[in-house]
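Everything on this sheet refers to the single structure shown next.
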Amino acid sequence: MGFFARFIQEPVSTGYGFGGTVTTAGLVMLPMLVLMALAGFLTGPLTRILSLRAQLVAGTALISLATAGIALLHGSLVLLTVEAAVFGLGLGVTFAALTNLVIGSVPAHQTGVAGGMNTNLRTIGSAVGTALTTAIITGSAGTAGGQPSEQGYTTGFLVLAVLAAVAAVIALMSRPAAAPATEVLIETPLAEAELQPAR
Numbered sequence: 001m002g003f004f005a006r007f008i009q010e011p012v013s014t015g016y017g018f019g020g021t022v023t024t025a026g027l028v029m030l031p032m033l034v035l036m037a038l039a040g041f042l043t044g045p046l047t048r049i050l051s052l053r054a055q056l057v058a059g060t061a062l063i064s065l066a067t068a069g070i071a072l073l074h075g076s077l078v079l080l081t082v083e084a085a086v087f088g089l090g091l092g093v094t095f096a097a098l099t100n101l102v103i104g105s106v107p108a109h110q111t112g113v114a115g116g117m118n119t120n121l122r123t124i125g126s127a128v129g130t131a132l133t134t135a136i137i138t139g140s141a142g143t144a145g146g147q148p149s150e151q152g153y154t155t156g157f158l159v160l161a162v163l164a165a166v167a168a169v170i171a172l173m174s175r176p177a178a179a180p181a182t183e184v185l186i187e188t189p190l191a192e193a194e195l196q197p198a199r
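Per UniProt numbering, residue 1 is the first one in the sequence shown, and the count goes up by one each step.
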């Protein structure tokens, strides 16, 4: 969402920007950050009525809805604030649900490895997504002042919306992983152990 802040700060002369300051962009994104944090805490209690898989589907669907809204409906800061808040809620639910699903699908002694791989892949995905969005937005026909065109932003956010929708479909169609096998250690008292003769 780095380009979301830049979109708000684009000059009014571009025909789509708001000429906002860094403070303005931060205030618009504040509800997004708050809801993102709260969503992580709500994932646990929500499992009583909504499975982690269902939460993952809902989270990615919210991300798709929010980014599509930003792409097509960005005429006011109030509207952008609401759309960013929906994005934050979806992202928070998605990250929390995905982490719990990954850790819950492996044996207990592999949770550290699974959690680390999840973090690494998330970082790689963010980097690839940022690079893709940058190429789309900056590669568009710019304005006379050198800023990206509105169409570039629209296309970039629509691509993100499509990718999030694909993720939602994949999560919806995927089968729940089987419960990992539990290792049971049986302790035998030393006094009861039988000594076998050497052969």
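We put the beta carbon where it would ideally sit given N, CA and C, even for glycine.
These numbers come from a predicted model, not from an experiment.
Please classify residue i: is it buried, with 16 or more other beta-carbons within 10 angstroms of its beta-carbon, or exposed?
i    : result
M173 : exposed
A108 : exposed
G75  : exposed
V12  : exposed
A58  : buried
G116 : exposed
T119 : exposed
Are the CB atoms of residue j and residue i within a distance shorter than 8 angstroms?
i    : j    : result
L77  : F18  : yes
I63  : F157 : no
V28  : L80  : yes
A164 : T43  : no
Within a Cβ cutoff of 7 angstroms, which residues of the same chain sit near residue i, ignoring the five residues on either side of it in sequence?
i    : result
Q151 : S140
Taking 7 angstroms as the cut-off, does the CB of residue i come closer than this to any heavy atom belonging to the ligand ZN?
i   : result
P31 : The ligand ZN is not part of this structure, which contains no ligands at all.
For residue i, which residues of its own chain have a beta-carbon under 6 angstroms away from its beta-carbon, when the five flanking residues on both sides are left out?
i    : result
L101 : L52
Y16  : E150
Excluding sequence positions up to five away, which residues of its chain have a Cβ less than 8 angstroms from the Cβ of residue i?
i    : result
L121 : none
V159 : L132, T133 and I136
Judging by CA-CA distance, which residue of the options is the nearest neighbour of residue i?
i           : options                  : result
T24         : F7, A37 and I70          : F7
A97         : T21, A54, R48 and L33    : A54
residue 215 : A171, V128, G40 and L73  : For residue 215 there is no data in the structure shown, the boundaries of the chain being 1 and 199.
G92         : P148, G115, V34 and I124 : V34
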